[in-house]
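Student: In our numbering, the protein residues as written are 1 to 426.
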Ligand code: TGC
Ligand code: FAD
């Protein structure tokens with residue numbers, strides 16, 4: 001009643017082809033292990049994806065990395081970085097048209113990984129611009145809005161921010177208080193009032209994608225607010241200073257006081273949380289790639305350090321088993337993380353991705369990156385405390401990545417709901 005497996009194996013192949021395949025298996029030269037790509041994920045990428053990754057990695061290592069230490073110390077985001085990324089076609093890279101490159105989701109993941117290998121703060125600026133703002137406008141904006149804003153956002157000539165979180169509503173954005181109602185004196189305009197907080201790029205943003213409840217329906221709608229069109233006193237974006245993580249990124253509030261916004265700037269066809277969460281799907285997917293880039297940088301730094309630092313009879317600390325275990329754990333989690341993100345990226349482009357898959361890789365990769373980075377930090381001993389070794393910066397940043405775009409426990413609940421069918425949020 002059971003079919004022996006040799007009858008299935010090679011079923012689609014002719015006998016001759018099958019014996020060639022089997023023969024080839026034996027002819028393969030032994031493959032050496034590459035600690036930088038432990039499970040050979042590079043074999044899963046197309047030539048185009050590998051070329052895009054190389055461009056992004058070269059730019060990030062040659063142009064971004066030299067700036068990051070000072071930027072982090074001074075809590076300073078150099079907005080020219082977005083312009084440089086725009087020149088290379090890296091912004092909104094999956095979008096077709098409007099000056100964007102139209103690459104695969106895996107290619108965009110590889111870009112994100114390259115950026116976050118340098119710093120999560122730079123990746124944050126990049127993700128907000130590309131996935132949350134450009135992605136949102138591309139998915140939900142009218143043609144007029146797309147043509148007006150996407151080309152300059154793609155060049156990094158204008159900067160975007162995404163306002164969902166409020167002072168009283170973070171994990172639960174559905175309870176937001178920001179409202180939009182018909183403007184009392186400007187026909188064809190809404191008047192938007194409310195406050196958003198912890199908003200990446202807000203102090204320097206030209207284009208603010210803000211989510212607010214329409215007073216008449218109580219439904220959440222998306223509004224593209226153009227700073228240049230806001231009368232004085234109706235829009236303020238004060239920075240939030242003295243952060244202890246993500247210091248190379250700029251973060252602030254959005255304060256709206258009866259801000260007039262043209263009705264044409266409201267996303268016409270999407271209402272409810274589906275709007276912001278659809279944008280978040282892409283951004284969360286990107287974070288899953290990015291955090292592994294940060295972890296890979298921690299691994300490379302820790303490995304170099306462990307090979308150079310000598311303790312006890314002149315032995316490099318890399319000789320000791322406990323140190324090796326730390327490197328093995330981190331390298332394994334990084335390799336698994338890339339495979340999972342690649343799989344979800346492929347499914348995304350085939351239209352076969354469920355949001356819970358994205359929750360799974362966002363949660364897992366952020367958590368594993370943070371845990372492993374924190375353990376690798378121990379390899380540096382006292383030097384871990386010096387910012388010049390870079391590891392402490394990644395650890396502080398990775399705490400933030402585990403918190404924003406849905407804190408990890410929230411993603412556990414999203415997964416728990418999908419697994420059990422029972423809602424645990426409230
Ligand atoms: P819930 O009942 O689950 O859903 C409400 C509506 O939204 C739809 N939906 C989705 N649609 C598309 N993609 C998704 N991932 C979706 N998730 C939900 C859902 O189908 C439903 O649609 P409809 O048409 O039936 O109304 O809503 P809930 O209020 O129970 O949600 C609970 C919860 C916890 C899942 C949600 O609120 C949540 O995810 N909270 C986390 C908040 C969050 O992620 N905030 C991110 C702020 S932005 C940010 O952090 C940017 S940082 C960027 C950087 O610097 O890199
Ligand atoms: P809370 O919602 O108050 O949660 C606090 C804790 O309680 C968390 O551990 C959470 O998991 C837990 N918790 C809450 N509810 C439950 C529950 N039902 N069950 C179990 N545990 C629960 N937002 C934007 O809109 N745009 C941005 O660009 C942006 N950029 C950011 C940049 C930085 C540097 C930071 C730090 C945040 C940014 N955020 C942004 C906000 C971010 O998305 C929120 O901080 C995040 O969603 C968590 O919300 P909260 O801080 O209000 O925490």
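For each residue, glycine too, the CB sits at the ideal point set by N, CA and C. Computed from a predicted structure; not experimentally measured.
Helix, strand or coil for residue 360? Go by DSSP, reduced to three states.
Tutor: In the structure shown, residue 360 sits in a helix (DSSP, three-state: H, G or I).
Student: What's the C-alpha gap between residue 75 and residue 420?
Tutor: Cα-Cα distance, rounded: 43 Å.
Student: Using the C-alpha atoms, what's the distance from residue 332 back to residue 237?
Tutor: When rounded, the distance between both Cα atoms is 42 Å.
Student: Tell me whether residue 134 sits in a helix, a strand or coil according to DSSP, three-state version.
Tutor: Residue 134 falls in the helix class under three-state DSSP.
Student: So what's residue 302 in DSSP terms, helix, strand or just coil?
Tutor: Residue 302 falls in the helix class under three-state DSSP.
Student: Between residue 295 and residue 340, how many whole angstroms is the CB-CB distance? I'm expecting something under 8 Å.
Tutor: Not a contact, Cβ separation roughly 13 Å.
Student: Any chance the CB of residue 165 is under 7 Å from a heavy atom of ligand 1?
Tutor: Yes, ligand 1 has a heavy atom inside 7 Å of this Cβ.
Student: Cα separation between residue 301 and residue 178?
Tutor: C-alpha separation (whole angstroms): 44 Å.
Student: Apart from the five residues just before and just after residue 414, which ones in its own chain have a Cβ nearer than 7 Å to its Cβ?
Tutor: Excluding positions up to five away in sequence, the list reads 356 and 359.
Student: Going by Cα to Cα distance, which pick from 397, 322, 102 and 130 is closest to residue 116?
Tutor: The candidate whose alpha carbon is nearest that of residue 116 is 397.
Student: With three or more C-beta pairs closer than 8 Å as the rule, is the segment 138-148 touching the segment 177-194?
Tutor: They do not touch, by the three-pair rule.
Student: Helix, strand or coil for residue 190? Go by DSSP, reduced to three states.
Tutor: Strand at residue 190.
Student: Alpha carbon to alpha carbon, how far is residue 154 from residue 314?
Tutor: Spanning the two alpha carbons is a distance of roughly 53 Å.
Student: Return the chain-ordered list of same chain residues with a C-beta closer than 7 Å to the C-beta of residue 407, the five sequence neighbours on each side being excluded.
Tutor: 171, listed in sequence order.
Student: Decide if residue 33 is buried, meaning its Cβ has at least 16 other Cβ atoms within 10 Å, or exposed.
Tutor: By the neighbour-count rule (16 or more Cβ atoms within 10 Å), residue 33 is not buried but exposed.
Student: Cβ of residue 207 within 7 Å of any heavy atom in ligand 1?
Tutor: No; taking the cut-off as 7 Å, the Cβ of residue 207 has no heavy atom of ligand 1 nearer than that.
Student: Please report the straight-line C-alpha distance between residue 264 and residue 297, rounded to a whole angstrom.
Tutor: Roughly 44 Å between the two C-alpha positions.
Student: Taking the CB atoms as reference points, tell me whether residue 156 and residue 82 lie closer together than 8 Å.
Tutor: A contact, by the Cβ cut-off of 8 Å.
Student: Only counting the same chain, and skipping five residues up and downstream in sequence, which positions put a Cβ closer than 6 Å to that of residue 311?
Tutor: Excluding residues within five positions, the ones whose Cβ falls inside 6 Å are 317.
Student: Shorter than 7 Å, the distance from the beta carbon of residue 277 to the closest heavy atom of ligand 1, or not?
Tutor: True, at least one ligand heavy atom lies under 7 Å from that Cβ.
Student: Taking Cβ to Cβ, would you say residue 261 is nearer than 8 Å to residue 190?
Tutor: Yes.
Student: So, with DSSP's three-state summary, where would you put residue 419?
Tutor: In this structure, residue 419 counts as helix in the three-state DSSP scheme.
Student: With hydrogens ignored, establish whether the beta-carbon of residue 171 is closer than 7 Å to any heavy atom of ligand 2.
Tutor: Yes, the beta carbon of residue 171 sits closer than 7 Å to at least one heavy atom of ligand 2.
Student: Can you tell which of 126, 230 and 48 has its C-alpha closest to the C-alpha of residue 259?
Tutor: Among 126, 230 and 48, the Cα nearest to that of residue 259 belongs to 230.
Student: Do the segment 131-143 and the segment 87-99 touch if we need at least three Cβ pairs shorter than 8 Å?
Tutor: Yes, the segment 131-143 touches the segment 87-99.
Student: Are the segment 278-292 and the segment 341-354 touching, with three or more C-beta to C-beta distances below 8 Å?
Tutor: As far as the Cβ criterion goes, the segment 278-292 touches the segment 341-354, which means the pair count is three or higher.
Student: For the segment 269-284 against the segment 208-227, are there 3 or more C-beta pairs whose distance is under 8 Å?
Tutor: Counting Cβ pairs under 8 Å, three or more are found: they touch.
Student: Which one or two residues does DSSP pair with residue 179 in a beta bridge?
Tutor: Note: residue 179 sits in a beta bridge opposite 193 and 213.
Student: For the segment 121-132 against the segment 237-251, are there 3 or more C-beta pairs whose distance is under 8 Å?
Tutor: Yes, the segment 121-132 is in contact with the segment 237-251.
Student: Check whether the Cβ atoms of residue 205 and residue 160 sit closer than 8 Å, and answer yes or no.
Tutor: It is a contact, given that the beta carbons lie within the stated cut-off.
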